[in-house]
Structures are given as C-alpha cells and as structure tokens.
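A.B. asks: Here it is, the structure, as structure tokens.
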Amino acid sequence: MAQPQSLAATISPAPDSALIVAWQRGEEQAAAELVRRHARALARFLAGAGAPEADLEDLVQDTFIRAFRAVDRFRGQCQFRTWLLTIGGNVLKDHGRRAARHKVVPLSDADAQGLAARDGDPHERAEAGEAEARLAAGVGELPRLQREVFLLRAQQGLEYDEIAAALDTTEGAARVHYHHAVKRLKERLQ
Amino acid sequence: MKDDATFHDAKVHDGARRLGLAAGERLDVERVAAAVVERLRDAPAGATRPAWMQPAWLRIAAAVVVLVGGGLVWRQSGNSVPAHGAHFVTDDLTDLSADQLRDVLSTLDETLNQDSTTLPDGDLEDLDAQQLQAVLRSLEG
C-alpha cells in the first residue's frame, strides 16, 4: 500500500489555502511551494515600490518569513498573494526606516532596460525607456497608500474590492487613491 | 489622433505593467524558497521570542517590579514612603530594556528570598498569572 505523501508533493496545483493549512501542520514543502508561486510577483511589487535591487532578495525573504509567522491572522479576506504584497509594503517601509535611505531609489540600468519597450526602433525605445524611468521615479514619490493601490491595480491587475480588503479600506477610497496616483503620474510624464 | 490625456494614461498603464519586471525575472526563486524554509526551520515562530518576553509577561513583570519595589521602599523608610517614590519607579521602568528588567527581577528575587517571602520554586519569569497574584497578595501583607 502506498505511503501517504505530502500535500505539496501530490496535489499540483493545490490552492493556496490548502498549502497554508499544510504549512500550519508543519509541512515545509508547502511553504516552499507558496514561495515559488508568489516570489516573482512580490519582487516586482517591491521593485516597483522602490526597493533597491541589491536588497530585493532579502526583502522578499523577510516578507515571506513575516507572512508565514503571521499566517494564523490571515482569514481569507483577500487572496494570499494580495495579503503577501501588503506585508511586503510593511517590510519595505521598515527597511527604509532602518537604512534611512532616500524615498526614491533609482532603478538599476537593467531595470531601466526592462522597463523600456523591447521592439520598435532605437529612438522609440530610448523615449519609452526615459518615460518609464520617470514613471518609476514618480511611483516612488507617491504617498505610500497611493503607491500601493496604484501598484496593486496597475501592476498586479487586482480589482478594487480585493485591494480594499487587503489594505483594510473601502472600495471607494481605493478608487480615489488610484485616481490621485494616476493623475500625479500623468502630470509627471507630461 | 490620440489626445494628450489618453496618450499619457496609456503610458502610465503600460509602464506600470512593466514596472519591476526585470527585477522579478532576475530573482532566483528556488534559492529564495530554500532560504525561507531554512530560516523558518532555524527559528520557528514559537522560538523567536522567549515566553517571558511576550508583551503580556513583560507587563506583569513590570507591575510586579513596581509593587515589590514600592513595598521595599515602604519597608525601608519605616512605612513613610513619599507619594512620589512609586511614581519615580514607574517612570524609570519605562526606560528599561528587557535585559535590564530581567536584572531587576533577579535582584528582587534574591531580596525577596532574603526577606523570607514565600515564593514558589523557580524564578519570577516562570510564574503564571495566578502565582504572580499570590506573590503580590503576600507582599501586600
């Protein structure tokens, strides 16, 4: 008779909620699977919010550690990823305080290239790269809530109700924050 | 022809979708997963902070220190403690670190033992709420 196997090993893709329960039972591989699923999105979110590239991996790790230790407080009010991203925002804020770094951290050259359109002629690419570098700087200058709402909506593609649940605010307030963020960023690009 | 607002709106949204993309792609996900699991294994949630450092225990310990300290001052000064004495003890406690609080508790532990006050076996750190209340009651006389 076959031995019972771990949830992370046998059920793929298991929903996040099942992996969370498995982790709470002490199954390490469930935690590893959650990291595999969400680490890139979290890294994008943190980088978009101004995390220095050199510290990005540490910040991603710290966010997961904090999330796994607080997972008992996750009540499914939003998706696990959305909850994770908001924890990432807190980790980044704490990191900024500790490091006493400037609010706006310039993106690395590689990031600037990544932001730029990858097709089209060189002149268009250069223009797009410049505009997007300004956008990145502009995002870094937004007030924290506006920045998080903007990134959750525009970068991660989340709905307002999901954003509102994650940030413990109302859907209307989330819409207003997003509107203000876009307005500021458009002004910066003009 | 696109008007300016629409053009910049599109720029903002297109740019946002690509924001951090390169950094995300460069992340070594397997390495992060291994590191997270390792860190969770090395310091499980319950082991990150000793039980006596939990906020509830620190509050209880601080209350014990205030009352015991006040009691000792009261004894030493022949039952005539100035009203502001306890106030100073309270003020000082807010500035103490966890280690300093531990030192104070140890000192008080020794003092109390010398004074033949009945304490359960073990340190104050090991007492539960009921035992601490019993200590407080005994100090109140």
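Those protein sequence lines, which keep their order, are chains A and B.
The letter at position 163 of the first sequence is residue 167 when you use our numbering, and the numbering goes up by one with no holes.
The letter at position 87 of the second sequence is residue 91 when you use our numbering, and the numbering goes up by one with no holes.
We treat Cβ as the ideally placed atom computed from N, Cα and C, and that holds for glycine.
All figures in this text were calculated on a predicted structure; none of them were measured in a lab.
1. Can you confirm whether residue 57 of chain A, when its beta carbon is compared against all beta carbons of chain E, has any partner nearer than 8 angstroms?
2. State the Cα-Cα distance for the pair residue 50 of chain A and residue 104 of chain B, rounded to the nearest angstrom.
3. Quick check on the burial criterion: 16 or more other C-beta atoms within 10 angstroms. Buried or exposed for residue 161 of chain A?
4. Can the beta-carbon of residue 189 of chain A be found less than 8 angstroms from the beta-carbon of residue 36 of chain B?
5. Going by other Cβ atoms of all chains shown within 10 Å of its Cβ, with 16 needed for buried, is residue 135 of chain A buried or exposed?
6. Give the DSSP-derived three-state secondary structure of residue 89 of chain A in the structure shown.
7. Within this structure, are the beta carbons of residue 35 of chain A and residue 40 of chain B separated by less than 8 angstroms?
8. If you check the beta carbons only, do residue 52 of chain A and residue 23 of chain B fall under 8 angstroms apart?
9. If you scan the stretch 161-192 of chain A from start to end, which runs of the alpha helix (DSSP H) of 4 or more residues do you find wholly inside it?
10. Let's test the definition: count the other Cβ atoms within 10 Å of the Cβ of residue 19 of chain A and tell me whether it reaches 16, buried, or not, exposed.
11. For residue 136 of chain B, tell me which candidate among B:43, B:44, B:29 and B:69 has the shortest Cα-Cα distance.
12. Comparing alpha-carbon positions, which option in A:185, A:95 and A:99 lies nearest residue 139 of chain A?
13. Any C-beta of chain A sitting closer than 8 angstroms to the C-beta of residue 43 of chain B?
14. Against chain A, does residue 65 of chain B count as a neighbour if the rule is that its beta carbon must be under 8 angstroms from one of theirs?
15. Pull up the CB-CB distance for residue 178 of chain A and residue 143 of chain A, whole angstroms please, since I reckon it's below 8 angstroms.
16. DSSP three-state call for residue 134 of chain A: helix, strand or coil?
17. Looking at chain A, is there any beta carbon in it that lies within less than 8 angstroms of the beta carbon of residue 107 of chain B?
18. Given 7 angstroms as the limit, tell me if residue 142 of chain A has its C-beta closer than that to any heavy atom belonging to the ligand ADP.
19. Tell me the rounded alpha-carbon separation between residue 92 of chain A and residue 76 of chain B.
20. Using a Cβ cut-off of 7 angstroms, pull out every chain A residue sitting near residue 39 of chain B, in sequence order please.
21. Would the beta-carbon of residue 47 of chain A fall within 8 angstroms of that of residue 27 of chain B?
22. According to the neighbour-count rule (16 or more other Cβ atoms, all chains shown, within 10 Å of its Cβ), is residue 194 of chain A buried or exposed?
23. What did DSSP end up calling residue 63 of chain B once you bin it into helix, strand or coil?
24. As an exercise, report each continuous alpha helix (DSSP H) stretch of at least 4 residues that is fully enclosed by the stretch 32-66 of chain A, in chain order.
25. Can you find the residues in the same chain that come closer than 7 angstroms, C-beta to C-beta, to residue 175 of chain A, ignoring five residues on each side of it along the sequence?
26. Would you say residue 102 of chain A faces chain B, with C-beta separation under 8 angstroms as the test?
27. Indicate the three-state DSSP secondary structure (helix, strand or coil) for residue 78 of chain A in the structure shown.
28. How would you list, in chain order, the residues of chain A whose beta-carbon sits under 7 angstroms from the beta-carbon of residue 46 of chain B?
29. Under a CB-based cut-off of 8 angstroms, is residue 108 of chain A close to chain B?
30. To be precise: take each residue of the stretch 151-170 of chain A, compare its Cβ to all Cβ atoms of chain B, and keep it if any distance is under 9 angstroms. Which residues remain?
31. Buried or exposed, going by whether 16 or more other CB atoms sit within 10 Å of the CB of residue 57 of chain A?
32. When you compare the CB positions of residue 23 of chain A and residue 32 of chain A, do they come within less than 8 angstroms of one another, or not?
33. Going by CA-CA distance only, name the one from A:181, A:75 and A:192 that's closest to residue 150 of chain A.
C.D. replies: The structure says:
1. You won't find chain E in this structure, because its protein chains are A and B.
2. Residue 50 of chain A sits at position 46 when you count from the first residue of the first sequence. Residue 104 of chain B sits at position 100 when you count from the first residue of the second sequence. Straight-line Cα distance between these residues: approximately 38 angstroms.
3. Walking along the first sequence from the start, residue 161 of chain A turns up at place 157. Exposed, because fewer than 16 other Cβ atoms sit within 10 Å of the Cβ of residue 161 of chain A.
4. Residue numbering aside, residue 189 of chain A sits at position 185 when the first sequence is read from its first letter. Residue numbering aside, residue 36 of chain B sits at position 32 when the second sequence is read from its first letter. No, they are not a contact pair.
5. Along the first sequence, one-based indexing puts residue 135 of chain A at 131. Burial call: buried.
6. As a working note, residue 89 of chain A is residue 85 in the first sequence. If DSSP states are grouped into helix, strand and coil, residue 89 of chain A belongs with the helices.
7. Stepping through the first sequence from its first residue, residue 35 of chain A is reached at position 31. Stepping through the second sequence from its first residue, residue 40 of chain B is reached at position 36. Taking 8 angstroms as the Cβ cut-off, residue 35 of chain A and residue 40 of chain B qualify as a contacting pair.
8. On the first sequence, residue 52 of chain A is found 48 positions in, with the first residue counted as 1. On the second sequence, residue 23 of chain B is found 19 positions in, with the first residue counted as 1. Closer than 8 angstroms, so yes.
9. 164-170
10. For the purposes of this step, residue 19 of chain A is taken as the residue at position 15 of the first sequence. Under this definition residue 19 of chain A is an exposed residue.
11. On the second sequence, residue 136 of chain B is found 132 positions in, with the first residue counted as 1. Nearest C-alpha to residue 136 of chain B: B:69.
12. Reading the first sequence from its first residue, position 135 is the one you call residue 139 of chain A. The shortest Cα separation from residue 139 of chain A among A:185, A:95 and A:99 belongs to A:185.
13. Indexing the second sequence from 1 puts residue 43 of chain B at position 39. True, the Cβ-Cβ gap to chain A drops below 8 angstroms.
14. For the purposes of this step, residue 65 of chain B is identified with residue 61 of the second sequence, where counting begins at 1. Not one chain A Cβ lies under 8 angstroms of residue 65 of chain B.
15. The residue you call residue 178 of chain A lines up with position 174 of the first sequence. The residue you call residue 143 of chain A lines up with position 139 of the first sequence. Going by Cβ atoms, the distance from residue 178 of chain A to residue 143 of chain A rounds to 16 angstroms, so no, they are not a contact pair.
16. The residue you call residue 134 of chain A lines up with position 130 of the first sequence. In the structure shown, residue 134 of chain A falls within a helical segment according to DSSP collapsed to helix, strand and coil.
17. Sequence index remark: in the second sequence, residue 107 of chain B carries index 103 (1-based). It does not; no Cβ of chain A falls within 8 angstroms.
18. By its list of ligands, the structure shown contains no ligand whatsoever, and the ligand ADP lies outside what it can speak to.
19. Position 88 of the first sequence, counted from the first residue, corresponds to residue 92 of chain A. Position 72 of the second sequence, counted from the first residue, corresponds to residue 76 of chain B. Spanning the two alpha carbons is a distance of roughly 49 angstroms.
20. For the purposes of this step, residue 39 of chain B is taken as the residue at position 35 of the second sequence. Near residue 39 of chain B (Cβ distances below 7 angstroms), the residues of chain A are 65.
21. Residue 47 of chain A sits at position 43 when you count from the first residue of the first sequence. Residue 27 of chain B sits at position 23 when you count from the first residue of the second sequence. Their beta carbons are under 8 angstroms apart, which means residue 47 of chain A touches residue 27 of chain B by this criterion.
22. On the first sequence, residue 194 of chain A is found 190 positions in, with the first residue counted as 1. So residue 194 of chain A counts as exposed.
23. In the second sequence, residue 63 of chain B corresponds to position 59, counting from 1. Residue state, collapsed to three classes: helix.
24. 32-52
25. Walking along the first sequence from the start, residue 175 of chain A turns up at place 171. Taken in chain order, the residues that qualify are 164, 165 and 168.
26. Walking along the first sequence from the start, residue 102 of chain A turns up at place 98. Judged by the 8 angstroms Cβ criterion, residue 102 of chain A is not in contact with chain B.
27. For the purposes of this step, residue 78 of chain A is taken as residue 74 along the first sequence, with counting starting at 1. Note: residue 78 of chain A maps to coil in three-state DSSP.
28. Here residue 46 of chain B is taken as the residue at index 42 of the second sequence, counted from 1. Contacts between residue 46 of chain B and chain A, judged by CB atoms closer than 7 angstroms, are missing: the closest CB pair is about 10 angstroms apart.
29. Residue numbering aside, residue 108 of chain A sits at position 104 when the first sequence is read from its first letter. Because residue 108 of chain A sits at a pLDDT of 48, beneath the cut-off of 50, its placement in the model cannot be relied upon, and the following sentence gives the value as read from the coordinates. Residue 108 of chain A does not count as touching chain B.
30. 154, 155, 157, 158, 159 and 161
31. Position 53 of the first sequence, counted from the first residue, corresponds to residue 57 of chain A. That one is buried.
32. Position 19 of the first sequence, counting from 1, holds the residue named residue 23 of chain A. Position 28 of the first sequence, counting from 1, holds the residue named residue 32 of chain A. Not a contact, by the Cβ cut-off of 8 angstroms.
33. By one-based count along the first sequence, residue 150 of chain A stands at place 146. Of the listed residues, the one whose Cα sits closest to residue 150 of chain A is A:181.
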